[in-house]
Structures are given as structure tokens and as C-alpha cells.
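Presented below is the structure to which this report refers.
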Amino acid sequence: MYAYHNKIARVNLTTGKVTYEELPDEVIRKFIGGKGLGYYLIYREVPPGTDPLSPANKFVFAPGGMTGLVPGSSKVIAVSKSPETRLISDSSGGDAFGPKLKGHFDALIIEGKSEEPVYLHIHDGKVEIKDASHLWGRGNYEVAKELWKEYPTASMAMVGPAGERLSRIADIIYDTERASGRGGLGAVLGSKKVKAVVVEPGEKPKVANPEEFQRLWQEYYDEFATNPKYEHTRTYGTSDALRSAASLGMSPTYNFSRPYIPDELASKLGGDEVKKYEIEPEWFVHGKSCPIKCARYVEVEYKGKKVRVKPEYESIAMLGAATGVFDFPAVAYFIHLVNDYGMDSIATGATIGWLFEMVERGLISEDEIGFPVKGFGDAEAEERLIKLMAERKGIGAILADGVKRACERLGRGCEFAVHVKGMESPAWDPRGRRTYGLSYATADVGASHLRGWPRPHQLPNQGPAKELVPSMIEGRDESYITDMLGTCKFVPYKMEDLAKLYSLATGEEWTVEGLRRRAWAIESIARIHDALDWVTPPLDDTIPPRWWEPEPDGPAKGNAAFIDHNDFIEARREFYRLRGWHEELGVPLPETMEKLGLPEFKEDAERALEVVKKRVGFRS
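In C-alpha cells form, the structure reads like this:
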């Protein structure tokens, strides 16, 4: 099939064998690539109930259907069963790893467990398993430097010491500055003793209509690179978003207790402040084919240490505003630390912010922590806590697996631990946007800001959440589509553009509606698997107590995430109905799977319905 190699590589670490399998066209048509293909493979091969840190769990790297083929298409999607949430989880990463992997395979499956540390070397369409004993225990910056000496044209995915120690908030770091951050997927590779995956450039798949495809490639590139409408993104990337979030009452400041803060405070971690430290990016930071090039690259000095890092809004906000540290050099240094240790910056900041609130409320003592912590704004304590979490030492052993497990281990503070299904919230408080809390409550992975933004932007008290559910579903499908195709969400393609490009790439006719149906199908199979595992949607599709507290000030003052609980329940029921799921139980109906062209999932849908009915004592 054009735009693909029709090839999967499978690495069995237990036996030390690598095999290569054909990826049938029919599977591509149903699941496309990236998130879709990854979910299909995990669904098929990792049964519900599998321990995420056992050899029975599997890990998939899947580039998207157009990764490396169109401007701004750098994405690879990491998919596995999450050690943090026990759900099928995906997290996208950018820059060169995805396009280089796409040059060899449409997916890489890693299964089993090695007895000794290894890394995988991908070149010339094959995979070699190599000894990584000399790399184990070392930070990601040092490991990358070492591997680039041996493989100067390669890109790499790495786990740091946090992943080696099976922290459930460990991530995958690509070429030191990009990450598949969410869900603790770094711990899966750590449990398998995989330190890195090193990918050399391969052969780009051919497209069906190269002349027209290249013409459109140039047209889109020129438009995105020069249109004044995208100038702010090209200038700041995401680094100025704290000012926007704070002005809307949507920031995570002080563990989501003050979503609105004045602009003079937000500006301390805003785009212009970041640009003061900006330097020319190193060769591995900017995607060469990206017309937006939104990545900022900075050099800061903190406590006499100079570090270079690529800061993004989520990392700035969660390691800065959420913990009350409004000092950009300190926050940039914390980003450097979590990159080196291989930790999800969102989960790390959320967990430390929660601990700081515990201190502020007098709910944890200095003796329990092991050293003095002042509370919000204590940069010295934050630096120390990041290191202890990565090393699983002292209080860090309690915090290393995220905020849900931390509050449960301490037996207090769970009422202001901000997470959904065990995954910490990203840096957007839903009390500042109508219906947005429903996106968090129902997202397949737990709290995610990449599962649909309701339109238009209104406050929760401005009308029933139910009214904006269709727009949230549209946004969710669009996010899934970009994750299946491998395009970046900050490159402003319209869905019609992507359907046209994908049609030209594959030589098959694709419509926006066709792509949307694939997105709907992927969400539905994820929901079936999760219900057969542990999720009981009427109980688990919910939001944390903090978001039921009215905002204290700012433009969203007096707003909770919903008008009231009934407003939430009605919106959730509408979401289930429009998705073709059981309106009360939130499980895909067998006839919906038939409608989506996936009759092979009907029986599992029926079983999932029966399982959830029994759990809640439902009588129709």
C-alpha cells in the first residue's frame, strides 16, 4: 500500500528473537497508523487484567499514516498498557524518531523481558538487540551523547533512571528534548530492561501521486510558514500559554486552587520571559520539514549550573505555576532534570504541587518529609523532591508513582489530588470552559487536554454542558485523526486538507467523514478493553473534587466545572448516546461496532456490557 511499508517488526526480549510480519492493507484501512494501529495491536495482544509491569504487557511504537511525508508530520505514538492507570494508553512524541522509524516499519512491537539491560538498533530494515549494561543507570543527556558518538545520524527513544526504577510516571524521551510523557510508559520499557531504541534513517515510503503531492506539500508549507495568522505560534511556540490560561481562569496555579492569576505574575513564566534566554537550537531540536518551527530552545544558569532545554507550556506551567515557583531559570532547570531522569513533567509538577498544598494546610510534617518544605514557591524543595522521586528515596518513594497513589499511601489529601482515573491533570483547569470537564472525565487515557475542546469558548454557568457535547466530540475525533496520521496539532491543517493529502499519499479515496469514523472506532475499542479490565464508566467517568469548587476570582469566578451534578450527568449521558454507547453504562453497543465496520468486536462489546451491568447491579 502506498505511504506504508506493510511491515511490522516484533522483538521478543525473552527469547532474543526478532521477527518481521506483513501488515495487511485491510488492517491499515481500519486503523490507519499511529494511535489507531497501536491501540489495535495492544487490544489484540494484551488481554484485560494484564499487569502493566509484567513481561506479558507489550509496547508499540507506531508512526502515523503520514509521518515524515507532509509538513509538520513528525509524530510517533507510543502505546502500551499504562502502569499508572492500567488503561491502554498512548502518548505522542515529535522530531526525528517517528520519520526515521517510518523509513523501516509501520510499527515496532516490543514484548517479553530481557534479563540484562539492552538497547535496540534499527537500520537497513532490521532490528538488532545490543547490550546496554554500560548505559544503565545513566541520565538521558549522557546516554544520548554516548549513542550519538556511535550513531551520529540516528534518533533515539530513551528511558531514564526513573523508568529503570519503574516509576509509574516515567516517560519516554526522544533525542533529549521531546517526550511521550503521559501514562508512565517509560516504566514499561524499564520493566523490560530496554534502555533505548536507536533508529537510523531508512527509506521513505512512496506516495501514489508524487507530483500533485509535492505541489500541495509546498503550498501548505508556504502558507503555514508565512501567514501572519500563525506568527504568534511561530514566535513563541506554546511558551506564552500561561498568560492565556491565567487570563481565562484555566491555569493550574497553586495546585489548581487559583486558576486565575494577574498577568504580571503569569508573565514571569510567559513567552517574552522565555525569549530572553533563547539561543539558536541545536541540530536535533527543530523538525527540518516543519513550517511552524514553534520549539523554543533556551540556555539558563541556575545555582551556577548552565543547562539548555526546550520548554513547552505544560512543563512550564506544571513545574512552575502548579508548584508556585514563578522563576523561569529555576523552572527551566527543573525541566532539564525531569528530561534527564525521564519523568512526566505534568505528573511530577502535579504531585509536588499537591505535596506543597499538604504542607500549606498542615497535613504533613517535616519529620514525614525528611527536610523542611515551605510550601508553594519553594524552589529548593522542588529540586530536591524531583531527585528523590527519580531515585525512589525517602518521601520520593511515596511520590514516585503519581498523585493518586501518593495520597492513598499517606491516607490523606485525596480531596485535592487532581487526577482522572489515576492520571494527573494537565495545565488547563476546566472550570474556565463550558463542557471541558466532560472531555477529561471521558477521555480514554485519563485526564488529557488532547481529547476535544468544546466550542465556542463559554463559561460553565453560561448554559447546559450538554449543548456543547457535539463540538467536543468533533474536537476529539480531530485529535485522534492527527494522532493516527502523525501530524502535529500545532500545524493548522483543516480536516479536509488531511483527507486530501492522505488520499494522494495512499491512492485511495478518503473523506473527512471516513477519517472521523476511524477515530470513533478507536475510541470504542479502547472503551471495550478498559471496561473488560476495570473501568466502570458510571463510577469512573468523573472529575476530581477540586473542580467542583467554585473559582475564587477572575473571569470564571463562581464557576465550577459544571452548573451542578445533574448538568454533568446529562452531558455525560448525551456523550454516550452520540457515541453509540449505552446511555447509562457508557459501554459501546454491539450494533455500533457493526456500524463502524468492526463486527469482530461485537462479542467483546456484549461481554463488556454484561460485566459493567453486574458491577453496578444494573437492571434494564
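Under the working numbering, the first residue of the sequence shown is numbered 936, with each subsequent residue one higher.
Each residue gets a CB set at the ideal place from its N, CA and C atoms; glycine is no exception.
Where residue i falls: helix, strand or coil (DSSP)
{"i": "residue 1513", "result": "helix"}
{"i": "residue 1150", "result": "helix"}
{"i": "residue 1243", "result": "strand"}
{"i": "residue 1283", "result": "helix"}
{"i": "residue 1183", "result": "coil"}
{"i": "residue 974", "result": "helix"}
{"i": "residue 1232", "result": "coil"}
{"i": "residue 1021", "result": "coil"}
{"i": "residue 1358", "result": "strand"}
{"i": "residue 1028", "result": "strand"}
{"i": "residue 1056", "result": "strand"}
{"i": "residue 1386", "result": "coil"}
{"i": "residue 1237", "result": "strand"}
{"i": "residue 1368", "result": "coil"}
{"i": "residue 1114", "result": "strand"}
{"i": "residue 1299", "result": "coil"}
{"i": "residue 1461", "result": "helix"}
{"i": "residue 1046", "result": "strand"}
{"i": "residue 1448", "result": "helix"}
Whole-number beta carbon distance between residue j and residue i, since they are thought to touch under 8 Å
{"i": "residue 989", "j": "residue 1035", "result": "With 8 Å as the limit, residue 989 and residue 1035 do not qualify as a contact, their Cβ atoms being about 30 Å apart."}
{"i": "residue 1317", "j": "residue 1287", "result": "6 Å"}
{"i": "residue 1007", "j": "residue 1225", "result": "5 Å"}
{"i": "residue 1362", "j": "residue 1249", "result": "5 Å"}
{"i": "residue 1018", "j": "residue 1122", "result": "5 Å"}
{"i": "residue 1048", "j": "residue 1127", "result": "5 Å"}
{"i": "residue 1491", "j": "residue 1195", "result": "7 Å"}
{"i": "residue 1252", "j": "residue 1186", "result": "7 Å"}
{"i": "residue 1419", "j": "residue 1453", "result": "6 Å"}
For residue i, the nearest candidate out of the options (CA to CA)
{"i": "residue 1066", "options": "1052, 1421, 1210 and 1206", "result": "1052"}
{"i": "residue 1180", "options": "950, 1475 and 1201", "result": "1201"}
{"i": "residue 1011", "options": "1021, 998 and 1050", "result": "998"}
{"i": "residue 967", "options": "1476, 1422 and 1486", "result": "1422"}
{"i": "residue 1092", "options": "1028, 1230, 1247 and 1072", "result": "1028"}
{"i": "residue 1331", "options": "1049, 956, 1104 and 1000", "result": "1104"}
{"i": "residue 1412", "options": "1463, 1196 and 1450", "result": "1450"}
{"i": "residue 1489", "options": "1072, 1033 and 1188", "result": "1188"}
{"i": "residue 1174", "options": "1527, 977 and 1213", "result": "1213"}
{"i": "residue 1292", "options": "1305, 1385, 1275 and 1312", "result": "1312"}
{"i": "residue 1455", "options": "1274, 970, 1431 and 951", "result": "970"}
{"i": "residue 1235", "options": "1259, 1267 and 1471", "result": "1267"}
{"i": "residue 960", "options": "940, 1478 and 1481", "result": "940"}
{"i": "residue 1050", "options": "1137, 949 and 1064", "result": "949"}
{"i": "residue 938", "options": "945, 1408 and 958", "result": "958"}
Where the alpha helix (DSSP H) through residue i begins and ends
{"i": "residue 1274", "result": "1263 to 1276"}
{"i": "residue 954", "result": "Note, residue 954: premise wrong, no alpha helix (DSSP H); beta strand (DSSP E) at 952 to 957."}
{"i": "residue 1413", "result": "1404 to 1420"}
{"i": "residue 1347", "result": "Segment: none, residue 1347 is in no alpha helix (DSSP H) and carries neither H nor E."}
{"i": "residue 1563", "result": "Residue 1563 lies beyond the residue range present for the chain, which begins at 936 and ends at 1555; the question has no answer from this structure."}
{"i": "residue 989", "result": "Segment: none, residue 989 is in no alpha helix (DSSP H) and carries neither H nor E."}
{"i": "residue 1315", "result": "1314 to 1326"}
{"i": "residue 1166", "result": "1166 to 1171"}
{"i": "residue 1122", "result": "1120 to 1126"}
{"i": "residue 1333", "result": "1330 to 1334"}
{"i": "residue 1189", "result": "1188 to 1191"}
{"i": "residue 1473", "result": "1472 to 1475"}
Enclosing beta strand (DSSP E) for residue i [first to last residue]
{"i": "residue 996", "result": "994 to 998"}
{"i": "residue 1376", "result": "No beta strand (DSSP E) contains residue 1376, which is instead part of the alpha helix (DSSP H) from 1371 to 1377."}
{"i": "residue 1438", "result": "Residue 1438 -> not in any beta strand (DSSP E); alpha helix (DSSP H) instead, spanning 1430 to 1441."}
{"i": "residue 1201", "result": "Per DSSP, residue 1201 belongs to no beta strand (DSSP E); it is in the alpha helix (DSSP H), 1198 to 1201."}
{"i": "residue 943", "result": "942 to 947"}
{"i": "residue 962", "result": "Looking at the DSSP string, residue 962 is not in any beta strand (DSSP E); the run it does join, the alpha helix (DSSP H), is 960 to 966."}
{"i": "residue 1131", "result": "1129 to 1134"}
{"i": "residue 1011", "result": "1011 to 1016"}
{"i": "residue 1251", "result": "Here residue 1251 belongs to no beta strand (DSSP E); instead the alpha helix (DSSP H) covers 1248 to 1254."}
Closer than 7 Å: residue i CB and nearest the ligand FMN heavy atom
{"i": "residue 1406", "result": "Questions concerning the ligand FMN fall outside what the structure shown contains, since it holds no ligand whatsoever."}
Hey, which unbroken runs of the alpha helix (DSSP H) at 4 residues or more fall wholly within the region 1058 to 1110? 1075 to 1085 and 1096 to 1099
Please give me, in chain order, every unbroken run of the alpha helix (DSSP H) with length at least 4 that falls completely inside the region 1491 to 1545. 1500 to 1513 and 1525 to 1530
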